[in-house]
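Asks: Per the UniProt record's numbering, the sequence shown runs over residues 1 to 944.
Ideal Cβ positions, reconstructed from N, Cα and C, are used throughout, including at glycine.
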Amino acid sequence: MTNPSDSTAHRYTPELANQLEDKWQNYWADHGTFNAPNPVGELAADGSLPDDKLFVQDMFPYPSGAGLHVGHPLGYIATDVYARYNRMLGKNVLHTLGYDAFGLPAEQYAIQTGTHPRTTTMKNIANMRRQLGQLGLGHDSRRSVATTDRDFYKWTQWIFLQIYNSWFDEEQQKARPISELYREFEANKRKTKDGRFYNDLTEEEKAAAVDEYRLVYLSDSTVNWCPGLGTVLANEEVTAEGKSERGNFPVFRKNLKQWMMRITAYSDRLLEDLDLLDWPDEVKSMQRNWIGRSRGAEVDFRSEGRDITVFTTRPDTLFGASYVVLAPEHELVDALLSPVPYESDVDPRWTYGEDDPKEAVESYREDIAAKSDLERQENKEKTGVFLGTYATNPVTGEKVPIFTADYVLSGYGTGAVMAVPAHDTRDYEFAQVLGLPIREVVSGGNIDKEAYTGDGKLVNSSNNHGLNLNGKGKNEAIEQTIAWLEETGAGREKVQYKLRDWLFARQRYWGEPFPIVYDADGHPHALPESMLPIELPEVEDYQPVSFDPNDADSEPQPPLAKVRDWVEVELDLGDGPKTYYRDTNVMPQWAGSSWYQMRYIDPTNDEAFCDIENERYWTGPRGENDPGGVDLYVGGVEHAVLHLLYSRFWHKVLFDLGHVSSKEPYRRLYNQGYIQAYAYTDSRGVYVPAAEVEEKDGKFFYNGEEVNREYGKMGKSLKNAVAPDDICRDFGADTLRVYEMSMGPLDTSRPWATKDVVGSQRFLQRLWRLVVDEQTGELAVADADLGDDDNKALHRTIAGVRDDYEHLRDNTVVAKLIEYVNYLTKTFSGSSVPRAAVEPLVIMVAPIAPHIAEELWSRLGHEGTITFVDFPTFEDKWLVDDEIELPVQVNGKVKARVNVPADADQDGVFDVVLADEKVASLTDGKNVVKKIYVPGRMVNLVVK
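1. According to the Cβ coordinates, are E917 and P901 closer than 9 Å?
2. Could I get the ranges of all uninterrupted alpha helix (DSSP H) runs contained in the region 264 to 336, with 4 residues as the minimum, in chain order?
3. Please report how far the alpha carbon of T148 lies from the alpha carbon of D602, in whole angstroms.
4. The alpha helix (DSSP H) spanning S647 covers which residue range?
5. Does the Cβ of R897 have 16 or more other Cβ atoms within 10 Å, making it buried, or fewer, making it exposed?
6. Here's the rule I'm using: 16 or more other beta-carbon atoms within 10 Å means buried, otherwise exposed. How should R196 be labelled?
7. Can you tell me whether DSSP reads D575 as helix, strand or coil?
8. Where P935 and A793 are concerned, what is the direct C-alpha to C-alpha distance, given to the nearest angstrom?
9. Does the Cβ-Cβ distance between S662 and W595 come in under 9 Å?
10. For A896, name the three-state secondary structure that DSSP assigns.
11. Whole angstroms is fine: what's the gap from K174's alpha carbon to A29's?
12. Roughly how many angstroms separate the alpha carbons of L536 and E512, rounded to a whole number?
13. Quick one: grab the DSSP three-state call for G925.
14. Are three or more beta carbon pairs between the region 703 to 714 and the region 673 to 684 nearer than 8 Å?
15. In chain order, what residues of the same chain have a beta carbon less than 8 Å from the beta carbon of D6, not counting five sequence neighbours either side?
16. May I ask you to verify whether the region 295 to 311 touches the region 329 to 339, counting CB pairs closer than 8 Å and requiring at least 3?
17. Does the ligand SAH have even one heavy atom less than 8 Å from the beta-carbon of W878?
18. So E253 is in the beta strand (DSSP E); what residue range does that whole segment cover?
19. I'd like to confirm the pairing. Which residues does DSSP put opposite M938 in its beta bridges?
20. Distance check for A110 and N822, CA to CA, integer angstroms please.
21. Apart from the five residues just before and just after A505, which ones in its own chain have a Cβ nearer than 6 Å to its Cβ?
22. Starting from the C-beta of L560, find all residues in its chain whose C-beta is less than 6 Å away, skip the five residues before and the five after it, and write them out in chain order.
23. If the criterion is Cβ atoms closer than 9 Å, does the pair R176 and F168 meet it?
24. What is the DSSP secondary structure of Q112, reduced to helix, strand or coil?
25. Which of helix, strand or coil does DSSP assign to F168?
26. Go ahead and pull the three-state DSSP assignment for L387.
27. Evaluate G444 with the Cβ neighbour count: other Cβ atoms within 10 Å of its Cβ, from every protein chain shown; 16 or more gives buried, anything less gives exposed.
28. Determine the DSSP secondary structure at N585, reduced to helix, strand or coil.
29. In terms of alpha-carbon separation, which member of Y266, D347, T414, E354 lies closest to residue 952?
30. Could one say the Cβ of E186 lies closer than 9 Å to chain C's Cβ atoms, at least one of them?
31. Excluding five sequence neighbours on each side, which residues of the same chain lie with their C-beta closer than 6 Å to the C-beta of Y182?
32. Suppose you measure from the CA of T873 to the CA of A799; what does that come to, to the nearest Å?
33. Which residue or residues does DSSP assign as beta-bridge partners of W502?
34. Put F700 into one of helix, strand or coil per three-state DSSP.
35. Nearest-angstrom Cα distance between F649 and V772?
36. To the nearest angstrom, how far is it from the Cα of L218 to the Cα of L817?
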């Protein structure tokens, strides 16, 4: 805060800053300053369209009931700075902000506060808009949307129907309308998945055959059931400890019928198109790892008249496979269980303490039910159960035991593995615990100590049926093994992915209803587009049916199932009025955020989710290898996989169906860091309010008690949050903006310190004084020419600031502007600063501190807004020094500094240096035996 004793009538104080910020925010709103016109529709009424355009987007925020702290606006301010700079370059800039308001967080907050989710959501949105509104963000408010808006989720449901009514043609590698599949079936151009002709099927079989191809399908699959939340969770919403990410409740694996999206069909395209994107390498790697493409083979191990199909990336190690492991959820576990008790000679370590294989498997499944996939994969304590039956290794003919173990997942590969303990770490650990054979088939390691996973030569790997891998290297052995498997019918080449289909249903109330109904036989029917949107019923009892958090046997009971007059509906879907039943699940929160950038483009369109001409203008491809998409997308790296992967999938389906011209939703991605803050705990380990902690002699005290200081993420739980409202009130929004942008590089985390905010305030006060006389309020600039030094300072600032703005280096923008303000303040102390030096400065400041820039621009005599004023350009001649200063060493010690012409050659430099008065005195009467010149850096003279 400023010292009242230093204030004058026209000083830039927080009070004046607040007044100016209100004034210019009202001006922008009244004049629609940031309204970006579209080529098609009512948004085009504002005038002509520049050819050069820019779409800047922030990641969809969730309107929390806790409100914002100063860490939240970091990315929003940065994108606003970038958008404002590009408007000054003459671009048509689309920048707005909406709200991701459906989902579990909003519903849980509503339950905690005892109010309806819609009431709390609208209140939270209003509060967030108010808080962000103080910051002067240049958003086109006409384009703002919320996922809970009727006109928004109508199109979310419409897109769901497009995906549901599509199938993926593997030959063309694209989605096609389901109507085209019907035509191919009926013309006998395509068989069903099981090889039959469509026309030979019953009506029920025909429907099932089509559903096997749909990009959205119902699956009776293993899911993550969380009784404490009363809903199913996606894998990504479960922690490594097997708990729900929200609420920390136990999560159990359970078989349920759920909607799934066939994102796996797009695995190759999702991988390959990463090369087209201007994204951080870290994010690309995370997506590649999540998709997890690997080439190998499927191998059939025969058991009890059935094939156990395993996937392996190392078919060359088949001779070392000494047992087979099935995931506990695998459908063959129960089918292959021995119906008789274990043999007396079975190793007791294999039986899980039971005499009967069925009882052993049941006990084992109960014990592992709460483990997450990640926990199962990382668990070092290997456990498993022998099924009492054996399978035949196809290359050796040996009978190998079949186990079920939790380190094998049903969601990856086939849910079964051939175990080669000598050359796989997890298999090795399992074999050691259960006393199973460990056979070396790849040379190079010491299998008595650990598994060898290197690429040595094959050993002990030949049979009497034409397969001999001994002495072969890895790649040659893999190719030979795959060829042998295919020739003998024991296996086939296979490309496999870690990526699983997307579980797309939640047992909640607060979400988008599915545009699906079921007939009396339970068959799903897509509703016609004319019936959209399907709105949530207004109910008093919207809470989910939750259970004892540890009740693994509980069954989901969605809240909507209780609303019988909404669930049961009379409809005519083309064959007369019938009774149908609505789906009582809702879509996950990911639904709205998978396409929201398209609605920003065309928010008032009643005929389409986005007119393709508007989409082509804003996000269409701009070159041969350009995938299209939003020009700059800024958000946290925590969304690197899920949101971005889901959004890319939806976008690619829409592209395939011809609804968009861009192949990707986001062409450039930037991950901002976080603002962190100190937090304090008392002797009990309880967090105390950081704002009330006092520092004395390097120690910290709360209410007289010494407390411990730690450093972490700013937030409510750590009681270290600082509200932007308070900073805006006490310093002004422009000061907050300057401080946050100056704290460090945008892509790194940085510590918040309220005491340091005053430094940004003083910078703006010095800027103010260059233009305004604090005593009179009159203009303090002069119409005078700039000297050479002034031009150098100005043009070098312009060149540096332009480059920094372009590359999101806002911290160095602030540093350069501070340096230039300090130069003008010092150079023109006691006199007026030339207008030609100040006006470019005000324009350069405008993207970061727009309110003070608008006011100073107005006081400098300009009408209207500074928003679209051309950004200053620089002249190259002022970027080059006429002279450079060189340190001069005499016998290794710096004795002088000499200015020499910047373009002088070596001889010219020596002439100037030796003629310098001080250097001459040091060499007078002495012999210069050696002269060394390091170009542009120094001169060294050796004299005797």
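Replies: In short:
1. Locating residue 917 in the sequence shown gives position 917, where the first residue counts as 1. Locating residue 901 in the sequence shown gives position 901, where the first residue counts as 1. Inclusion of E917 and P901 in the CB contact set at 9 Å is not warranted, their separation being larger than that value.
2. Taking 4 residues as the minimum length, the alpha helix (DSSP H) runs contained wholly in the region 264 to 336 are 267 to 272, 281 to 291, 331 to 336, in order along the chain.
3. For the purposes of this step, residue 148 is identified with residue 148 of the sequence shown, where counting begins at 1. For the purposes of this step, residue 602 is identified with residue 602 of the sequence shown, where counting begins at 1. Rounded to the nearest angstrom, the gap between the Cα atoms of T148 and D602 is 17 Å.
4. As a position in the sequence shown, residue 647 is number 647, starting the count at 1. Counting along the chain, the alpha helix (DSSP H) containing S647 begins and ends at 642 to 656.
5. Along the sequence shown, one-based indexing puts residue 897 at 897. Exposed, since its Cβ has fewer than 16 Cβ neighbours within 10 Å.
6. Counting from 1 along the sequence shown, the entry for residue 196 is found at position 196. By the C-beta density criterion, R196 is exposed, having fewer than 16 other C-beta atoms within 10 angstroms.
7. Indexing the sequence shown from 1 puts residue 575 at position 575. D575: coil per DSSP, three-state reduction.
8. Here residue 935 refers to the residue found at position 935 when the sequence shown is read from its first residue. Here residue 793 refers to the residue found at position 793 when the sequence shown is read from its first residue. Going by the C-alpha atoms only, they are around 24 Å apart.
9. Within the sequence shown, residue 662 is the residue found at index 662, counting from 1. Within the sequence shown, residue 595 is the residue found at index 595, counting from 1. Not a contact, by the Cβ cut-off of 9 Å.
10. Numbered from 1 along the sequence shown, position 896 holds the residue referred to as residue 896. Here A896 carries a strand assignment [DSSP, helix/strand/coil].
11. Translated into positions along the sequence shown, residue 174 becomes position 174. Translated into positions along the sequence shown, residue 29 becomes position 29. Approximately 44 Å, taken between the alpha carbons.
12. Taking the first residue of the sequence shown as position 1, residue 536 is located at position 536. Taking the first residue of the sequence shown as position 1, residue 512 is located at position 512. C-alpha of L536 to C-alpha of E512: approximately 7 Å in a straight line.
13. As a first step, residue 925 is located in the sequence shown; it is residue number 925 there, counting from the start. Coil at G925, not helix or strand.
14. Yes, the region 703 to 714 touches the region 673 to 684.
15. Counting from 1 along the sequence shown, the entry for residue 6 is found at position 6. Confidence is the limiting factor: at D6 the pLDDT is only 49, short of 50, which leaves the residue's position unreliable, though a coordinate-based value still follows. Same-chain partners within the cutoff: there are none.
16. Contact between the region 295 to 311 and the region 329 to 339 is present: three or more C-beta pairs spanning the two stretches fall below 8 Å.
17. Inclusion of the ligand SAH in the displayed structure is not the case, the ligand content being empty and no account of it being possible.
18. Numbered from its first residue, the sequence shown carries residue 253 at position 253. Strictly speaking, residue 253 in this sequence is Arg, with Glu absent from that position. Segment 252 to 261, the beta strand (DSSP E) holding R253.
19. Residue mapping note: residue 938 aligns to position 938 of the sequence shown, counting from 1. Beta-bridge partners of M938 (DSSP): V934.
20. As a working mapping, residue 822 is identified with position 822 in the sequence shown. As a working mapping, residue 110 is identified with position 110 in the sequence shown. If you take the alpha carbons of N822 and A110, they lie about 52 Å apart.
21. In the sequence shown, counting from the first residue as 1, residue 505 sits at position 505. Q258, W259, N585, listed in sequence order.
22. If you number the sequence shown from 1, residue 560 lands on position 560. Excluding residues within five positions, the ones whose Cβ falls inside 6 Å are T584.
23. Locating residue 176 in the sequence shown gives position 176, where the first residue counts as 1. Locating residue 168 in the sequence shown gives position 168, where the first residue counts as 1. Against a cut-off of 9 Å, the Cβ pair of F168 and R176 comes out as a contact.
24. As a first step, residue 112 must be located in the sequence shown, where it is residue number 112. The answer is helix: DSSP assigns Q112 an H, G or I state.
25. As a working mapping, residue 168 is identified with position 168 in the sequence shown. The answer is strand: DSSP assigns F168 an E or B state.
26. For the purposes of this step, residue 387 is identified with residue 387 of the sequence shown, where counting begins at 1. Looking at L387 - three-state DSSP - the assignment turns out to be strand.
27. Position 444 of the sequence shown, counted from the first residue, corresponds to residue 444. Classification of G444: exposed, given that the 10 Å Cβ count is below 16.
28. For this step, residue 585 is matched to residue 585 along the sequence shown. Note: N585 maps to coil in three-state DSSP.
29. Beyond the ends of the chain as shown, which are 1 and 944, falls residue 952; an answer cannot be given.
30. Absent here is chain C; the protein component of the structure consists of one chain.
31. Sequence index remark: in the sequence shown, residue 182 carries index 182 (1-based). Result list for Y182: empty, nothing under 6 Å.
32. As a first step, residue 873 must be located in the sequence shown, where it is residue number 873. As a first step, residue 799 must be located in the sequence shown, where it is residue number 799. Computed Cα separation, rounded: 7 Å.
33. Within the sequence shown, residue 502 is the residue found at index 502, counting from 1. Answer by DSSP bridge pairing, in chain order: M261.
34. Along the sequence shown, read from residue 1 onward, the residue named residue 700 stands at position 700. Of the three classes helix, strand and coil, the one that applies to F700 here is strand, per DSSP.
35. Here the question's residue 649 lines up with position 649 in the sequence shown. Here the question's residue 772 lines up with position 772 in the sequence shown. The straight-line gap from Cα to Cα measures roughly 55 Å.
36. Within the sequence shown, numbered from 1, the residue matching residue 218 stands at position 218. Within the sequence shown, numbered from 1, the residue matching residue 817 stands at position 817. Taking the straight line joining both Cα atoms gives about 59 Å.
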